[in-house]
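Novice: Numbering of the sequence shown is given in the numbering used here, commencing with residue 61 and proceeding in unit increments.
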Amino acid sequence: MDSSFNLAVHALVCLSHSGRSLSSEALAENICTNPTRVRRVMAGLKKAGMVETREGLDGGYRLTADPAGLTLRQVAEAVNTRFVDCAWHSGDIDRDCAICSGMAGVMDALYRQMNEQCAAYLSHITITDIETQLFAHK
Numbered sequence: 061m062d063s064s065f066n067l068a069v070h071a072l073v074c075l076s077h078s079g080r081s082l083s084s085e086a087l088a089e090n091i092c093t094n095p096t097r098v099r100r101v102m103a104g105l106k107k108a109g110m111v112e113t114r115e116g117l118d119g120g121y122r123l124t125a126d127p128a129g130l131t132l133r134q135v136a137e138a139v140n141t142r143f144v145d146c147a148w149h150s151g152d153i154d155r156d157c158a159i160c161s162g163m164a165g166v167m168d169a170l171y172r173q174m175n176e177q178c179a180a181y182l183s184h185i186t187i188t189d190i191e192t193q194l195f196a197h198k
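So, in structure tokens, the structure goes:
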């Protein structure tokens with residue numbers, strides 16, 4: 061998993077809490093990253109209809125989705141998050157050995173099931189839930 065999901069959740073909570081538009085620079089300052097990275101991730105959220113961009117003095121990103129109904133599963137899908145993945149596969153599908161030729165497929169199915177379980181879990185957590193957790197201890 062890369063950091064896009066974490067960045068997206070952080071940005072959406074910031075936007076929800078502020079109740080106003082925030083620039084990529086302001087979001088990057090709070091997230092502790094660079095504005096280019098923020099813009100890259102926010103493009104996925106904009107495409108999914110979660111945020112909009114505005115030009116001008118009060119421009120930037122504005123939350124358009126209801127944070128109480130916006131699930132972390134939706135956020136993960138908007139930024140194409142795979143929670144469990146493996147870039148390398150052992151074995152060789154063309155070999156005449158059940159283990160060697162079948163391991164990649166078995167492992168891919170395992171990773172797919174684990175991703176589905178993560179997505180199902182995240183479908184019960186909203187941006188408002190995260191914001192509430194942050195301020196419950198203050």
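Every residue, glycine too, gets a C-beta built ideally from N, C-alpha and C.
What does DSSP give as the partner residue(s) for residue 112 in the beta ladder?
Specialist: Taking the sequence shown and counting its residues from 1, the one referred to as residue 112 is at position 52. Its beta-bridge partners are 122.
Novice: In angstroms with no decimal places, state the Cα-to-Cα distance between residue 118 and residue 187.
Specialist: If you number the sequence shown from 1, residue 118 lands on position 58. If you number the sequence shown from 1, residue 187 lands on position 127. Cα to Cα, residue 118 sits roughly 23 Å from residue 187.
Novice: Compute the Euclidean distance between the alpha carbons of residue 92 and residue 155, then round it to the nearest angstrom.
Specialist: Sequence index remark: in the sequence shown, residue 92 carries index 32 (1-based). Sequence index remark: in the sequence shown, residue 155 carries index 95 (1-based). For residue 92 and residue 155, the distance between alpha carbons rounds to 48 Å.
Novice: Taking the alpha carbon of residue 122 as the point to measure from, which residue in 105, 159, 167 and 134 has its own alpha carbon closest?
Specialist: In the sequence shown, counting from the first residue as 1, residue 122 sits at position 62. It is 105.
Novice: How is the alpha helix (DSSP H) around residue 94 delimited, first residue to last?
Specialist: Counted from its first residue, the sequence shown places residue 94 at position 34. It is not in any alpha helix (DSSP H) - residue 94 carries neither H nor E in the DSSP assignment.
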